[in-house]
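Shown next, in structure tokens, is the structure this report addresses.
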Amino acid sequence: MIKSMTGFGKAELELPSKKITIEIKSLNSKQIDLNTRVPSIYRGKELEVRALLSNKLVRGKIDFSIFVEHTGDTINYSINKGLATKYYEAIQDLAEEINQQNFSNYLPIVLKMPDVLKTEKEDFNEEEWVIIERSIVDALIQVDEFRTQEGQGLEKEFNNHIQIILDLLDSIEPHEKARIEQVKERIQRNLKEISEDVKFDQNRFEQELIYYIEKIDITEEKVRLKKHCDYFLETMNDEMAGGKKLNFISQEIGREINTLGSKANDVSLQKIVIQMKDELEKIKEQLFNIL
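Next comes the structure, spelled out in structure tokens:
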């Protein structure tokens, strides 16, 4: 069973004075690449969160966010009245000096001045974090389910592409006998074109012809290609199937296809090899997204 690295999970929870939303987004990456956005009150738990994400998601570009929306009536900021009064008096004095007596609405300006509004630091609540951590796990489960569903779609595509390669491999056989005859005829024709009077040892000619035919024989390549394709399907259905292992197998498949192409010596076989390469490229494109 294969899994995609693409996934998304979201969990929301209501606490007495706040609403918390957790989002996890996963995309493909060669290694684990974590990007976390955690409010300052929970910053002390960030390392634990990163370890949890790494263990559960293994690989991918991961974006993790915790959003906090305060919903209670509790005021979490205060006004520094003494400092605000000083700002107010200073602005008023300045207005009089520059003869701006018609303007008196200084309060909005004062409230925007540095350190007038002070946010009160919220105390960390361990019991609250336990609830949040459960929601993080819920979001991770959603990501895993998403990855599994995406993987099932990719599995169907891989099965289809591999089956096409195997069908193309079977289609080579009818061309092989004709290919050998064409090679014989071409060599004999070339000999005649050199000179009608050239005499050669027929036995030696047969020996050289056999040697040449053995060099372009593709039996071993066909056997290995079939085994690699079967191993790809077998690995894909394994519980521990991974993108890296499937990528290695696809490289071996590509090596055998390339060897078939170099030995083909026949237009019909070359066309089949090109079709195989096209299917293999489609597999390789999607392998980057496999966990």
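Numbers in this note's numbering are just positions in the sequence shown, counted from 1, shifted up by 14.
The C-beta atom is built at its ideal place from N, Cα and C for all residues, glycine as well.
- In the structure shown, L305 falls within a coil segment according to DSSP collapsed to helix, strand and coil.
- Non-local beta-carbon contacts of S43 in its own chain, meaning distances under 6 Å to residues more than five positions away in sequence, involve G74 and K75 in chain order.
- Look at the segment 110-161 and you find these whole runs of beta strand (DSSP E), each 3 residues long or longer: 131-133.
- Residue state for K198 is assigned as helix, using DSSP reduced to three classes.
- Beta-bridge partners of L48 (DSSP): I76.
- Contact between the segment 125-133 and the segment 58-68 is absent: fewer than three C-beta pairs spanning the two stretches fall below 8 Å.
- Contact check between the segment 279-292 and the segment 181-198: three or more CB pairs, one atom from each, fall below 8 Å, which counts as touching.
- If you check the CB distance, I271 and L182 do not come in under 7 Å.
- Taking C-beta separations shorter than 7 Å and ignoring five residues to either side along the sequence, K258 has no partners in its chain.
- By the neighbour-count criterion, in which 16 or more other beta carbons inside 10 Å mark a residue as buried, S31 falls on the exposed side.
- Here A104 is exposed: its Cβ has fewer than 16 other Cβ atoms, across all protein chains shown, within 10 Å.
- Annotation for K39: the continuous beta strand (DSSP E) segment containing it runs K32 to L41.
- Scanning T273, L294 and D137 for the CA closest to the CA of G58 turns up D137.
- In the same chain as H242, and ignoring 5 residues on each side of it, the C-beta atoms closer than 7 Å to its own belong to I263, E266, I267 and E270, in chain order.
- Nearest C-alpha to T233 among E187, S18 and Q156: E187.
- Counting along the chain, the unbroken beta strand (DSSP E) around I93 starts and ends at Y91 to I93.
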